[in-house]
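Undergrad: From first to last, the protein sequence lines stand for chains A and B.
Counting from 680, one number per residue, gives the positions in the first sequence under my numbering.
Counting from 94, one number per residue, gives the positions in the second sequence under my numbering.
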Amino acid sequence: MTEVASVKTNAANQFDFVALLTRHATLVALVALIIFNLIFTKHFVSIQTLNVNLTQVATIVIVGVGMTLVIATGGIDLSVGSMMAISGAIAPLIFLGTAVKINEIHLAVAVGMIVAVAAAGAFGWFNGWLITKFRIQPIIATLVLFIAGRGIAQVSTNGNLQPFKLAQFQWIGLGRWFGIPVQVIIMVALVVAAAWVLRRSLFGRQILAIGGNERAARLSGIPVASVKRWVYCISGLCSGIAGLVVIAINSSSDANLVGLGMELDAIAAVAVGGTLLSGGRATVTGTLVGALIIQLVRYTLLANGVNDDVAKLVKAALIVLAVWLQRQGRT
Amino acid sequence: MVLATVSQNTNLLSMQNISKAFAGIPALLQASLEVGAAEVHGLIGQNGAGKSTLIKILTGYVSRDSGEIIFDGTPFQARSPQDAQRKGISTIYQEINLVPSRSITENICLGRESRRFGLLDWKSMHEEARSLMARFNIVIDVKKPLHNFNTATQQMVAIARAIGFKAKLVIMDEPTSSLDEREVLVLFEVIRQLKQSGISVIFVSHKLDELYAVCDRVTIMRDGRTVKTSDMKSISKIELVASMLGRDIAQVSKNATAFGGRKGKIGNVILDAQNLNAGHKVQDVSLSVRRGEIVGLAGLLGAGRTETARLVFGADKIKDGSLKLDEQVFRPREPIDAIEHGIGFSSEDRKLEGIIPDMSVAENMTLALMPQLTKAGIVDEEQQRVIVEKFITRLGIKCSGPGQRIRELSGGNQQKVLLARWLAMNPKLLILDEPTRGIDVGAKAEIQTIVKELAEQGLGVLMISSELEEVIEGSDRVFVLRDGHNVAEFAGKQITEAAVMAAMAHGNKEGNSVGQEIKP
């Protein structure tokens, strides 16, 4: 009898351990990485290291916020990188005066940024419209813009590289407020806002209900189509902002390069962060932590002299691990 | 031909005492089925009676726990549907499982292509396909892709494919559900031809008339058991329905439900539907519900009950007919329209259309109420808590708290949460589709009591149930549907098992003739 009982407790303990891991896997991994670096990486504890890592991760997280919402509805958005390119192409067209001439430079920059982000949002809304109106699978519908989006950006700039040196604009990628890079502040603000929306708002509830059981959501009176359109629109808006950050950092806009491969980085961050890829359960802070983990792994390997290609392998392994942990958590 | 040697009297197929449980829940209990050579054998039963499990065991989709199958004189065990097909058992499903983009020839010959010198011999394959289709008097271009042809022709292709595989037994699972009347007649002709050439058919259908038109014998299933096998000629429709529902025509059980002794007054008409039409599943349905009234919607599977309810709720599109709510014309486009007009709808499929498994009890319960619980887009958590706790107490929902995930609850408690989802919005009309399906007896009685009390307080209820006693004891009026038409209306003392079953089986012979003139 006692033996049986003890076996049972053991099993229970083991289960608890796995449960703990699955629930907090991302945080545990992040802490482990930081501890590893504290011991092995020279000059790890410095404001500069922090800033380097945060700036590099900011665009991924900004896009990842929108991606998290999309994935929470059970969808996916492959077009985020292309929408970054579109936004990155449109803004300079306006503030450099190529398309329209606005003499007051601050106004020109403001109009350029707003129009660029709005355009990306409109393209996102178009994704949602394709998906809801024609019932096209999200992966196919967003593939349309994934392919065409970069072409749209190219055509609108006549294929020209748009270099610039414009402090009035580049604060978004190079500036600092209170010593913190501006894009990091934008990133944190978006994460906080999205996390709050998911937790507290009607919209967040509707997103999770649709991802959890779309048919039940519809029968409960949730306007499924309009919620989905807004979610894809938000993903577009986030991509638009990220596109501006990228061109500001680069001091130029190259439609071929802005946001290249971003869809995969963002999806990876969402997956590693613990959002259920089938929808219905989502964590925006998880996405932040997920992106930080991926970034920190890369940084750790590079700082310790490992090739970047190997770092990509490790990133892939991390995603597999994250998905495996999710499955464990489900059953 | 081997088939010619099998005499009419010996069984081609004999399944004896087949049992099967899924995750401990029995789906089949000692079921037996015997099909003679060159016999058309009907198989009928309600949802969950075990028909599809029995067929899946025969065709190798699932394995049996116990029991014995003899096919064509030898013990039979199919490892997969392909294996069953090789051994002479082919299945034609309601959703045709062919390759739409490939030609008719390819579909017929897929998996047994003729070869010459290692290459496909298209000439002989086209010839074979053409001659197989010609057996059904269908002359078509067999080189054209399958999707160019209508459902009926595609079904013929599926049957031709079965014959091409030298099938001795063809299983047809609701083959007529997507065919029009003329196509059904063609199918019946084909079935007769199959029979003449010595092939047996198992014919699964919910439509009684079809069984009588084409079957030699019928086996009736209920609750995982095969309760009766009879010659088609010697069983009446009403006997058939009675065995399906598990009722003895003579014996009428009373007070099997918690509906008895209802008080309260019945008020004016809330819902008035006239001649609703939405394709072939709902062709001409009229019904009405009054304040404080429980209206039962009876009928066999596929009669159009759920489909009618979905029309009223705006979940599907109404093609034709008039719908009035509180004497105002009402045309819901989406469920949200119905909800805003005070209609609630609890779906028959809790898992597929009811619960959101990863959400909490509280979130599930307030899903339809959400817009009223939010101010400036923000959920009022305090108000939500008050409402949720009220309903947890009122309906006696057993859970660890409002925050518990609904998937962790028992079926009965999930159903109560879903009921609360609609009660919380204080509806004037509540549509309940199979409100007590798949839950334990205690929870069943509790839910029935709640519905009764709600009606006493003035709620109008439209209740669909496949459990006859629930409809009969619970309803003030009963509408009976059959093949997408309503065939009878009963009120008060007219509501008896015999009358309702007769209407379900025969149409309007024993019930009041209704059609156009339903007036509450």
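Note that CB positions come from ideal geometry on N, CA and C, so glycine has one too.
Are the stretch 793 to 811 of chain A and the stretch 755 to 765 of chain A touching by the rule of at least three beta carbon pairs closer than 8 Å?
TA: yes
Undergrad: So, under 8 Å CB-CB, D419(B) and I363(B) are touching, yes? Tell me the CB distance rounded to an integer number of Å.
TA: 6 Å
Undergrad: If you measure between the beta carbons of E515(B) and L502(B), is that distance less than 8 Å?
TA: Note that residue 515(B) is Trp in the sequence shown, not Glu. No; because the gap between Cβ atoms is not below 8 Å, this pair is not in contact.
Undergrad: Note down the Cα distance separating E563(B) from T811(A), rounded to an integer number of angstroms.
TA: 40 Å
Undergrad: Can you list the alpha helix (DSSP H) stretches of 4 or more residues lying completely in the stretch 469 to 525 of chain B, in chain order?
TA: As far as the stretch 469 to 525 of chain B is concerned, its whole alpha helix (DSSP H) runs of at least 4 residues are 474 to 487 and 504 to 516.
Undergrad: What does the alpha-carbon distance come out to for the pair V405(B) and I387(B)?
TA: 16 Å
Undergrad: To the nearest angstrom, report how far apart T728(A) and N929(A) are at their CA atoms.
TA: 20 Å
Undergrad: Please determine, among A896(A), V867(A), S918(A) and V740(A), the residue with the shortest C-alpha to C-alpha distance to G803(A).
TA: Comparing Cα positions, the closest option is S918(A).
Undergrad: If we count Cβ pairs, one from each stretch, closer than 8 Å, do we get three or more for the stretch 735 to 744 of chain A versus the stretch 877 to 890 of chain A?
TA: no
Undergrad: Only counting runs of 4 or more residues, tell me where the alpha helix (DSSP H) segments fall wholly within the stretch 964 to 991 of chain A, in order along the chain.
TA: none
Undergrad: To the nearest angstrom, report how far apart I382(B) and L887(A) are at their CA atoms.
TA: Here the sequence assigns Val to residue 382(B), which means Ile is not the residue at that position. Computed Cα separation, rounded: 35 Å.
Undergrad: So is P520(B) in contact with chain A if we call contact Cβ pairs under 8 Å?
TA: no
Undergrad: Taking the beta strand (DSSP E) that V314(B) belongs to, which residues open and close that run?
TA: Inspection of the sequence shows that residue 314(B) is occupied by Met rather than by Val. Here the beta strand (DSSP E) through M314(B) covers R310 to R315.
Undergrad: Taking 7 Å as the limit between beta carbons, can you name the residues of its chain near A120(B), skipping five residues before and five after?
TA: Same-chain partners within the cutoff: K113, A114, G143, T146 and G317.
Undergrad: Determine the chain B residues that contact G959(A) at a beta-carbon separation under 9 Å, and present them in chain order.
TA: I449, P450, D451 and M452
Undergrad: Check whether chain A comes within 8 Å of F438(B), counting only Cβ atoms and requiring the distance to be less than that.
TA: yes
Undergrad: Between the C-alpha atoms of I313(B) and L136(B), what's the straight-line distance to the nearest angstrom?
TA: 6 Å
Undergrad: Just the chain B side, please: which residues come within less than 9 Å of L892(A) by C-beta, in chain order?
TA: According to the sequence provided, residue 892(A) is Asn. The question's Leu does not apply to it. The contacting residues are K444, L445, E446, G447, I448, I449, P450, D451 and M452.
Undergrad: Check the DSSP bridge columns for E546(B) and list the partner residues they point to.
TA: Looking at the DSSP assignment, E546(B) forms no beta bridge with any residue, so it has no partner.
Undergrad: By a C-beta neighbour count over all protein chains shown, 10 Å radius and 16 as the cutoff for buried, is E474(B) buried or exposed?
TA: With fewer than 16 other beta carbons inside 10 angstroms of its own, E474(B) counts as exposed.
Undergrad: Going along chain B in order, which residues have a C-beta closer than 9 Å to the C-beta of L881(A)?
TA: M463, P464, L466, T467, G470, I471 and V472
Undergrad: Tell me the DSSP secondary structure of N730(A) in three-state form.
TA: Reduced to three states, the DSSP call for N730(A) is helix.
Undergrad: If you measure from the beta carbon of G965(A) to each beta carbon in chain B, is any gap under 8 Å?
TA: no
Undergrad: According to DSSP, is Q421(B) part of a helix, a strand, or is it coil?
TA: strand
Undergrad: So, is the C-beta of L512(B) closer than 8 Å to a C-beta in chain A?
TA: no
Undergrad: Let me check one thing: in DSSP terms, what residues is F438(B) bridge-paired to?
TA: Answer is I524(B), bridged to F438(B).
Undergrad: How about I889(A) and K907(A): do their beta carbons lie closer than 8 Å?
TA: yes
Undergrad: How is S217(B) classed by DSSP in three states: helix, strand or coil?
TA: Secondary structure at S217(B): helix, using DSSP grouped into helix, strand and coil.
Undergrad: For a contact meaning CB atoms closer than 8 Å, what does L956(A) contact in chain B?
TA: Those within 8 Å of L956(A) in chain B number zero; the least Cβ separation is about 13 Å.
Undergrad: When burial is assigned at 16 or more other CB atoms within 10 Å of the CB, is A691(A) buried or exposed?
TA: At A691(A) the pLDDT is 43, less than 50, meaning the model places this residue with poor confidence; the figure from the coordinates comes in the next sentence. Result: exposed.
Undergrad: Is the number of C-beta pairs between the stretch 907 to 916 of chain A and the stretch 742 to 757 of chain A that are closer than 8 Å three or more?
TA: yes
Undergrad: Determine the chain A residues that contact L418(B) at a beta-carbon separation under 9 Å, and present them in chain order.
TA: Per Cβ cutoff of 9 Å: no residues; L418(B) is ~16 Å from chain A at best.
Undergrad: Drop a sphere of 10 angstroms on the beta-carbon of A711(A), count the other beta-carbons inside from all chains shown, and report buried for 16 or more, exposed for fewer.
TA: With fewer than 16 other Cβ atoms within 10 Å, it is exposed.
Undergrad: Using C-beta distances below 7 Å, list every residue in its chain close to D576(B), excluding the 5 sequence neighbours before and after it, in chain order.
TA: K300 and A396
Undergrad: Is DSSP giving T103(B) helix, strand or coil here?
TA: Residue state, collapsed to three classes: coil.
Undergrad: Measuring straight from C-alpha to C-alpha, what distance separates S346(B) and S173(B)?
TA: Residue placement at S346(B) is poorly supported in this model, since its pLDDT is 49, which falls under 50; the coordinates still yield a value, given next. When rounded, the distance between both Cα atoms is 44 Å.
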